[in-house]
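Asks:
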Amino acid sequence: MAQEKNLFKLIPKVDEVLEKDRIIELLNSMPRKIVVDSIREEIEILREDIKKGSINEEEVKERNRQLVELIIDRAHRKNSYKLRRVINGTGVVIHTNIGRSLISEEVMDNVKEIAINYSNLEYDLEKGERGSRYSHLEDIVSEITGGEDAMVVNNNAAAVLLVLSTIAKGREVIVSRGELIEIGGSFRIPEVMEQSGAILKAVGTTNKTHLWDYENAINENTAALLKVHTSNYRILGFTSSISSEELKTLKDKYDIPLIEDLGSGVLIDLSKFGLEYEPTVQDSIKKGVDIVTFSGDKLLGGPQAGIIVGKKKYIDAMKKNPLTRAFRVDKFTISALEATLRLYLDEKVAIEKIPTLNMLSMGLDKLEKKAKTLYNLLIDKIDLDKCKVEIVDDYSEVGGGSLPLERMPTKCIRLSLDGVSINGLEKALREYEIPIITRVYKDNIYIDLRTIREREFPIVVDGVLYGLKRIERVH
Ligand SMILES: *Cc1c(COP(=O)(O)O)cnc(C)c1O
1290 MAQEKNLFKL IPKVDEVLEK DRIIELLNSM PRKIVVDSIR EEIEILREDI
1340 KKGSINEEEV KERNRQLVEL IIDRAHRKNS YKLRRVINGT GVVIHTNIGR
1390 SLISEEVMDN VKEIAINYSN LEYDLEKGER GSRYSHLEDI VSEITGGEDA
1440 MVVNNNAAAV LLVLSTIAKG REVIVSRGEL IEIGGSFRIP EVMEQSGAIL
1490 KAVGTTNKTH LWDYENAINE NTAALLKVHT SNYRILGFTS SISSEELKTL
1540 KDKYDIPLIE DLGSGVLIDL SKFGLEYEPT VQDSIKKGVD IVTFSGDKLL
1590 GGPQAGIIVG KKKYIDAMKK NPLTRAFRVD KFTISALEAT LRLYLDEKVA
1640 IEKIPTLNML SMGLDKLEKK AKTLYNLLID KIDLDKCKVE IVDDYSEVGG
1690 GSLPLERMPT KCIRLSLDGV SINGLEKALR EYEIPIITRV YKDNIYIDLR
1740 TIREREFPIV VDGVLYGLKR IERVH
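This note's numbering applies: residue 1290 is where the sequence shown begins, and numbers increase by one.
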């Protein structure tokens, strides 16, 4: 008991801590309340540990020496935004959990211009009267995809719902059982169909659907044929499915619209980068699909959006659907999408300037060069006795439920600790001021160079230094 009392005496007072130089410095950069709360909380943790009897006098003194550091850490965490940037070291290019596609600075300049000024969002400058917010995107989407008309909503899930609700409410939509997909985040074709008021008419089997399956299901209550891109999985082996070209023959024979949910909505041929061929939006339009829907922030590399392209008469009907108002995109999305799509007018420019395409098309020579640069920066600063640093071969993924089987050869920095579990370092990196998200495999940390930009290297180096320091502290 007497021993315990002595230990409590070692705990500093809040006021004493507030006078330390580094804390005074901290007070200049953030609200006093955050600093004081952080001091109180760290002191409380120490008090609790003494109360539990889990630390001895030596350890209390050691903790006191680390106290300022711990307070600064805590205060920075408290003072940061809840939604903030992270470094993507996972190598998953379109990672839904960490923001899918990145917007280039050039595109963002346009968004800023629109955001900080008034704009002709819904104003027709020629006529001097009310205009449509969708008009800004119609021409560019049509020009790039070959579709007659276009409109844009908040995401592809909304796009599919709007299309079905407009074209097929109360009537049947024929879909292959092999295409009744679920995308992460509870987007499931049967449920979306139900929400839209359309009646799902599933045909064929999981692995095989024939043209006559569709044809036999057509009746006077059929509103549309729907083809869904099985973005995030593949059925292999004894399979067959019907292409949009084949469905077009039915569509023409019975005069019913053909809808396609393309999911990712790629606009350029990815096989040029050595990736699997993914059907483009232009392909679908050329094959005669009446309405195509796809995401803005998957392979297209733009902002979150759902793009609907196709026959004008259907698009016009959608604009009159009350759901359109609920799904309507804001001016930031429109300006980001317009600027991104403009880059597609020259494919070379698109690949260079759209981060998603740039990362997907990055060759091994470039990746190796980046790996060497980061490696040299790391070994210059890190104590190599404590942490082993290597350049290794690995694979990156496309992500975003696109091209699920694709493995792109890449270069990674691999970190390992001698005799210490890597999980502490992974957590420390994840909790760094600018969190660094990495992959752990067999007690190694992998940092994939494909998804890290060169200007982010100093952050990675500082983060690793911070992480190594943090795992050395007693806790
Ligand atoms: C991703 C995806 C969706 C949902 O798109 P969001 O833009 O995320 O709403 C719908 N259908 C398919 C086939 C998809 O791949």
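For every residue, glycine included, the Cβ atom is placed at its ideal position computed from N, Cα and C.
Kindly list the residues whose CB is nearer than 7 Å to the CB of M1651, restricted to its own chain and excluding five residues on each side of it in sequence; keep chain order.
Replies: R1739
Asks: Please give me, in chain order, every unbroken run of the alpha helix (DSSP H) with length at least 4 that falls completely inside the segment 1523-1587.
Replies: 1533-1543, 1570-1575
Asks: Would you call the segment 1508-1516 in contact with the segment 1462-1472, where contact means no fewer than 3 C-beta pairs closer than 8 Å?
Replies: yes
Asks: Where does G1342 fall in DSSP's three states?
Replies: Here G1342 carries a coil assignment [DSSP, helix/strand/coil].
Asks: Distance, Cα to Cα, M1290 vs E1346?
Replies: With a pLDDT of 48 at M1290, under the threshold of 50, the predicted position of this residue should be treated as unreliable, though the coordinate-derived value follows. Approximately 13 Å between the Cα atoms of the pair.
Asks: For S1553, verify whether its CB is less than 7 Å away from any heavy atom of ligand 1.
Replies: With a threshold of 7 Å, the Cβ atom of S1553 counts as near ligand 1, since some heavy atom of the ligand is closer than that.
Asks: Mind listing, in chain order, the continuous alpha helix (DSSP H) runs of no fewer than 4 residues lying wholly within the segment 1489-1513?
Replies: 1500-1506
Asks: In its own chain, which residues sit with a C-beta less than 6 Å from the C-beta of R1422, not counting the 5 before and 5 after it?
Replies: L1410, E1411
Asks: When DSSP builds the beta bridges, which residues end up paired with P1592?
Replies: None, per the DSSP bridge assignment.
Asks: For the alpha helix (DSSP H) containing Y1730, list its first residue and its last residue.
Replies: Unbroken run through Y1730 is the beta strand (DSSP E), 1728-1730; no alpha helix (DSSP H).
Asks: With hydrogens ignored, establish whether the beta-carbon of K1587 is closer than 7 Å to any heavy atom of ligand 1.
Replies: yes
Asks: So, at 6 Å on beta carbons, what are the nonlocal neighbours of D1338 in its own chain, with the 5 sequence-adjacent residues on each side left out?
Replies: I1344
Asks: Start and end of the beta strand (DSSP E) containing V1678?
Replies: Run containing V1678: 1676-1688, per the beta strand (DSSP E) assignment.
Asks: DSSP three-state label for E1337, please.
Replies: Note: E1337 maps to helix in three-state DSSP.
Asks: Does D1310 pass the burial test, meaning 16 or more other C-beta atoms within 10 Å, or should it be called exposed?
Replies: exposed
Asks: If you follow the alpha helix (DSSP H) that P1644 is in, where does it begin and where does it stop?
Replies: P1644 -> alpha helix (DSSP H) spans 1644-1649.
Asks: Using a Cβ-based criterion (distance less than 7 Å to any ligand heavy atom), does I1383 qualify as near ligand 1?
Replies: Outside the cutoff, so no.
Asks: Consult DSSP for A1625 and reduce its assignment to one of helix, strand or coil.
Replies: helix
Asks: Output yes or no for whether 8 Å exceeds the beta carbon distance between K1561 and S1533.
Replies: Going by C-beta atoms, K1561 is not nearer than 8 Å to S1533.
Asks: Under a three-way DSSP split, which group does E1305 fall into?
Replies: helix
Asks: Count the C-beta pairs between the segment 1729-1738 and the segment 1418-1437 that are closer than 8 Å, then say yes if the count reaches three, no if not.
Replies: no
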